[in-house]
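For reference, the structure discussed in these notes is given below.
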Amino acid sequence: MTALRLAFIGALSAAITVVGPQGANAEGFNPELSVRFLGVASLDIITSDDSGSRSTGVGIGFADTGAELGSRLQLRHNLIAGIDAGFQFPDDGENQGEVFFHLARVTLGNQWLNVVVGRSGLHNNMVRLPTLRDDDLIQFEYVQNPFSDGVSTQDQQYGNIIGATLWYDYQYFLDLHAEHLLVTNPNLASSQFDINALGAGLGFRRTQYDENLHVLRMAGVSIEVIRVDLPGQTWEWNLIGGFSLYAFPDPVHRLLIDGQVIFNAGVDNASILDLPSLAIVRQVTSVGSLAYVFYKQEEPRVRAAFAFGHRAWFEQGQNARQLSTIVNAFYVLGRGFDVGAQYQFNNNDIPAVLVGPPLKSHTVQLALRAQFDFVWNELPTFNTPLNVQYGYTPR
Amino acid sequence: MSDGEDDPDLTRRVFLELSAMGAAGLLATVADGAHAESRRGPPTPRTPHHTLHMGSGAGDGELFPPTASDWPPMPPDAPKDDDAYHQFRIGVSIHEHEMVPGIRIHTLAFNETVPGPLLRVQEGEWVKVDFENNTTLFHTIHWHGMMVPYAMDGVPLVTQPPVAPFKSYTYRFRALPYGTHFYHCHWGAVMHIQSGMYGGLIVESDKDPIQERYGYDREQTLILSAVDTDFVRDQMNAMIARMAQRMRLMSKGRLTKWQTTQFESVDDLLRTMDEGFVPPYKRSQSGRGDLPDPEYFTINGKCYPVTPNLDIKKGERLRVRLIGAGMINHFMHLHGHDFDIVCNDGAPLPYPIRANTVQVSPGKTVDILIEGNNPGIWVFHDHDTRRTTNNGNYPGGCLTKLVYEGFDPAPFKPSFRLDE
Numbered sequence: 000m001t002a003l004r005l006a007f008i009g010a011l012s013a014a015i016t017v018v019g020p021q022g023a024n025a026e027g028f029n030p031e032l033s034v035r036f037l038g039v040a041s042l043d044i045i046t047s048d049d050s051g052s053r054s055t056g057v058g059i060g061f062a063d064t065g066a067e068l069g070s071r072l073q074l075r076h077n078l079i080a081g082i083d084a085g086f087q088f089p090d091d092g093e094n095q096g097e098v099f100f101h102l103a104r105v106t107l108g109n110q111w112l113n114v115v116v117g118r119s120g121l122h123n124n125m126v127r128l129p130t131l132r133d134d135d136l137i138q139f140e141y142v143q144n145p146f147s148d149g150v151s152t153q154d155q156q157y158g159n160i161i162g163a164t165l166w167y168d169y170q171y172f173l174d175l176h177a178e179h180l181l182v183t184n185p186n187l188a189s190s191q192f193d194i195n196a197l198g199a200g201l202g203f204r205r206t207q208y209d210e211n212l213h214v215l216r217m218a219g220v221s222i223e224v225i226r227v228d229l230p231g232q233t234w235e236w237n238l239i240g241g242f243s244l245y246a247f248p249d250p251v252h253r254l255l256i257d258g259q260v261i262f263n264a265g266v267d268n269a270s271i272l273d274l275p276s277l278a279i280v281r282q283v284t285s286v287g288s289l290a291y292v293f294y295k296q297e298e299p300r301v302r303a304a305f306a307f308g309h310r311a312w313f314e315q316g317q318n319a320r321q322l323s324t325i326v327n328a329f330y331v332l333g334r335g336f337d338v339g340a341q342y343q344f345n346n347n348d349i350p351a352v353l354v355g356p357p358l359k360s361h362t363v364q365l366a367l368r369a370q371f372d373f374v375w376n377e378l379p380t381f382n383t384p385l386n387v388q389y390g391y392t393p394r
Numbered sequence: 000m001s002d003g004e005d006d007p008d009l010t011r012r013v014f015l016e017l018s019a020m021g022a023a024g025l026l027a028t029v030a031d032g033a034h035a036e037s038r039r040g041p042p043t044p045r046t047p048h049h050t051l052h053m054g055s056g057a058g059d060g061e062l063f064p065p066t067a068s069d070w071p072p073m074p075p076d077a078p079k080d081d082d083a084y085h086q087f088r089i090g091v092s093i094h095e096h097e098m099v100p101g102i103r104i105h106t107l108a109f110n111e112t113v114p115g116p117l118l119r120v121q122e123g124e125w126v127k128v129d130f131e132n133n134t135t136l137f138h139t140i141h142w143h144g145m146m147v148p149y150a151m152d153g154v155p156l157v158t159q160p161p162v163a164p165f166k167s168y169t170y171r172f173r174a175l176p177y178g179t180h181f182y183h184c185h186w187g188a189v190m191h192i193q194s195g196m197y198g199g200l201i202v203e204s205d206k207d208p209i210q211e212r213y214g215y216d217r218e219q220t221l222i223l224s225a226v227d228t229d230f231v232r233d234q235m236n237a238m239i240a241r242m243a244q245r246m247r248l249m250s251k252g253r254l255t256k257w258q259t260t261q262f263e264s265v266d267d268l269l270r271t272m273d274e275g276f277v278p279p280y281k282r283s284q285s286g287r288g289d290l291p292d293p294e295y296f297t298i299n300g301k302c303y304p305v306t307p308n309l310d311i312k313k314g315e316r317l318r319v320r321l322i323g324a325g326m327i328n329h330f331m332h333l334h335g336h337d338f339d340i341v342c343n344d345g346a347p348l349p350y351p352i353r354a355n356t357v358q359v360s361p362g363k364t365v366d367i368l369i370e371g372n373n374p375g376i377w378v379f380h381d382h383d384t385r386r387t388t389n390n391g392n393y394p395g396g397c398l399t400k401l402v403y404e405g406f407d408p409a410p411f412k413p414s415f416r417l418d419e
């Protein structure tokens with residue numbers, strides 16, 4: 000963790016240096032500077048039903064609250080380099096300390112290539128679900144990290160990555176990456192520098208400015224192989240397929256349908272013994288969501304969503320299942336600020352030997368959610384309407 | 000209130016006309032383009048109206064098709080016969096423009112040039128301009144300084160509806176008064192003019208008062224402007240994205256004031272604010288907001304060192320027409336010479352004013368006469384020297400040279416040694 004903190008501080012220092020009077024600015028090359036604040040705060044009421052034993056708890060959650068700082072600079076050959084650093088507060092009970100540094104990366108790219116190196120979001124999922132927090136269905140949404148302690152969520156979403164994404168016609172992408180999945184299982188040797196996963200993805204993602212004017216928003220497939228180094232088996236492989244589409248393209252009533260399936264071939268003869276073992280038993284994970292956003296005066300006014308996740312393990316002689324459903328609704332009080340509520344039901348039909356999630360739980364959350372962004376000296380993004388329709392200009 | 004229950008209003012009618020527009024028509028219009036064309040005498044059979052009025056889909060009855068006999072209205076004393084006009088065709092499209100080597104931006108360009116074509120007409124003649132909008136944005140043309148009939152002034156929602164995407168409008172007016180004038184878009188003027196929608200309009204006279212009083216051997220027109228490239232890019236991208244959404248609603252006849260944030264009156268605005276709308280000018284409580292802060296300063300769309308030179312010979316007199324098409328003041332200063340200011344906003348002054356620096360404000364035109372009496376190569380530049388830069392780097396921007404032809408001895412060529 001000390002190394003991570005140092006990396007974060009280093010990235011921050013680098014960002015400050017390039018905008019400081021002795022940095023690139025002094026030469027007339029002005030970098031873009033962006034700041035993003037994310038806040039999710041909720042009053043949580045959780046009722047658990049564990050083999051007939053019911054309990055209810057009330058708590059205040061602020062997980063996923065954090066900030067991101069970014070800077071980009073135009074280089075020769077129409078390249079743009081970027082530095083991003085960010086932190087967030089992890090969920091209660093996770094083994095990530097008080098603060099988790101989820102971003103510490105350098106990027107380099109142009110209109111057809113984007114390279115990322117450092118701590119970043121993992122490239123092993125296709126969809127973003129319309130849940131209060133982005134890890135509410137984490138166990139269904141990402142390829143499960145076999146090096147996780149099974150409790151943390153950040154180690155399922157973020158890792159150390161070197162990746163390149165090739166873009167064709169701003170919409171078709173080929174992604175190649177190598178990753179270090181974070182090791183949080185205390186029984187495993189940990190090193191920040193192992194490459195323990197490789198992956199490739201292929202797909203279509205429509206440019207954002209007109210995505211809701213077409214049915215298909217995104218579709219893609221990818222493969223992720225993870226070096227588990229277990230006796231008799233070195234690699235575990237996963238296939239991921241996902242899509243996102245608008246039920247009927249409309250600027251006012253936006254109805255978005257997302258879905259994703261992950262097939263995890265698992266490790267031969269693996270059994271469900273404890274929480275970490277849930278990641279290496281052969282399984283199929285699926286998620287889906289139906290999200291409605293009502294726009295008024297060209298701004299979102301109301302959001303409502305239904306989402307589910309389902310996970311089925313195929314262990315020899317003993318199957319297990321996990322199901323989670325979510326319903327939420329938010330009223331948009333202003334740009335980037337929502338107030339609303341979410342209900343989540345979890346049903347864990349997994350062997351009772353596990354010391355882990357309760358059999359069933361109901362969670363009601365009354366929440367405030369905010370995302371405020373500000374950008375100074377904004378450099379162009381590559382897939383703007385002008386660049387896509389009228390020819391690319393770097394400036 | 001539900002979709003489409005508003006009373007049909009002007010904005011909606013403008014939007015609804017797109018419902019009659021087919022994809023084939025769209026493509027045809029884009030491919031057709033519009034090129035600089037000035038015609039005297041018989042018009043060609045082709046008119047832009049026929050290519051731009053598309054289909055007969057639902058909503059035609061609510062539109063104001065360009066072929067309608069009552070719109071645009073004919074000025075009361077305008078000739079019926081096209082032969083009686085000096086005719087132009089001007090189209091606007093999104094075009095990639097290089098202001099200075101290495102700095103390319105997307106512009107809204109009249110006839111694919113920045114500035115738009117220089118229009119020259121004779122004082123008193125009737126002028127007909129077929130204006131084609133080949134973009135997904137709204138536009139008009141305002142004839143700055145011209146005494147045009149009311150409906151030809153080009154002010155959207157005041158004198159005319161805006162010209163909708165892929166539609167056209169015909170302007171007819173008499174070329175009055177004499178002098179140096181210009182034209183520009185009057186819709187979203189902060190962005191549209193800055194991004195290239197301006198051009199010179201010269202009203203000539205057989206009895207040119209400047210020629211008669213002072214005489215001059217040649218003339219040149221310099222149109223001054225300034226560009227905040229980030230502002231132009233961001234605004235154009237935002238508008239293109241927003242118009243893509245609006246056009247989807249237009250095609251279904253569902254775009255109403257309730258869904259957009261464009262208002263025809265203060266009452267409209269206040270009513271919508273009561274419904275929860277927060278005006279954009281209240282969103283940003285700090286910072287510079289959305290006003291442009293230009294970093295490139297142009298003469299005829301170019302920055303130094305690719306600005307056009309002023310050419311002169313010893314003994315000649317050069318008339319320079321200066322047009323302030325942009326949003327900032329320019330203080331044009333000529334080295335090595337005084338000059339005579341002879342026209343203000345096109346109108347001849349009763350007597351010349353001797354000066355070596357002249358202010359060219361936004362919207363103003365100034366004509367000066369330069370005597371070719373001091374051979375050499377002399378800079379002519381904005382003396383607010385912040386504007387003689389390209390993104391902060393000197394020399395650049397609003398700077399050009401008065402160059403004597405055949406200047407002898409050979410001009411100084413800059414050179415330096417690294418060990419100096």
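Heads up: the sequence lines are chains A and B, in that order. According to numbering that gives the first Met the number 0, the first sequence is numbered sequentially starting from 0. According to numbering that gives the first Met the number 0, the second sequence is numbered sequentially starting from 0. Every residue gets a Cβ at the ideal spot worked out from N, C-alpha and C, and that includes glycine. Source: prediction; values computed, not measured.
Limits of the unbroken alpha helix (DSSP H) element including residue i
i	result
B/PHE230	228 to 250
A/PRO384	384 to 389
B/GLU370	Segment 364 to 370 is the beta strand (DSSP E) holding B/GLU370; no alpha helix (DSSP H) there.
B/ALA188	188 to 193
A/PHE293	No alpha helix (DSSP H) holds A/PHE293; the beta strand (DSSP E) holding it covers 282 to 295.
A/GLU204	First, the amino acid is wrong: residue 204 of chain A is Arg here, not Glu. Run containing A/ARG204: none in the alpha helix (DSSP H); it sits in the beta strand (DSSP E), 196 to 204.
B/ARG212	208 to 212
Helix, strand or coil at residue i [DSSP, three-state]
i	result
B/ASN389	strand
B/PHE406	coil
B/MET151	helix
B/VAL265	helix
A/PHE373	strand
B/GLU274	coil
A/SER323	strand
A/ASP209	helix
B/LEU317	strand
B/PRO307	coil
For residue i, the first and last residue of its enclosing beta strand (DSSP E)
i	result
A/ARG127	First-last for A/ARG127: undefined, no H or E at that position.
A/VAL338	336 to 348
A/ASP154	Element bounds for A/ASP154: not the beta strand (DSSP E) but the alpha helix (DSSP H), 153 to 156.
B/GLN86	84 to 99
B/GLN159	Run containing B/GLN159: none; DSSP gives neither H nor E here.
Check whether residue i and residue j have beta carbons under 8 angstroms apart
i	j	result
B/LEU321	B/LEU309	no
A/VAL98	A/PHE86	yes
B/ASN132	B/VAL189	no
A/TYR169	A/PHE381	yes
A/ALA304	A/ASN318	no
B/LEU401	B/ILE367	no
A/GLY198	A/VAL220	no
B/VAL231	B/SER194	yes
B/ARG173	B/ASP129	no
A/ASN184	A/PRO89	no
A/LEU107	A/ALA66	no
Contact set for residue i: own chain, Cβ-Cβ below 7 angstroms, skip 5 residues either direction
i	result
A/ALA246	LEU254, ILE256
B/ASN343	VAL365
Own chain residues within Cβ distance below 6 angstroms of residue i, not counting five before or after
i	result
A/PRO20	Caution is warranted here: a pLDDT of 39 is assigned to A/PRO20, below 50, making its placement in the model unreliable, and the coordinate value is therefore given only provisionally. The answer is none, since no qualifying residue turns up.
A/ILE137	THR152, GLN155
B/ILE327	ALA225
A/ASP63	VAL39, GLN87, ARG132
A/PRO299	VAL292, VAL331
Close Cβ partners of residue i (< 8 angstroms) along its chain, the five nearest in sequence each way excluded
i	result
B/GLN219	PRO307, LEU309, ASP310, LEU317, ARG318, VAL319, ARG320
> Which residue spans inside the region 31 to 88 of chain A form an unbroken beta strand (DSSP E) run of at least 3?
Replying inline: Runs of the beta strand (DSSP E) inside the region 31 to 88 of chain A: 31 to 49, 52 to 60, 65 to 73, 79 to 87.
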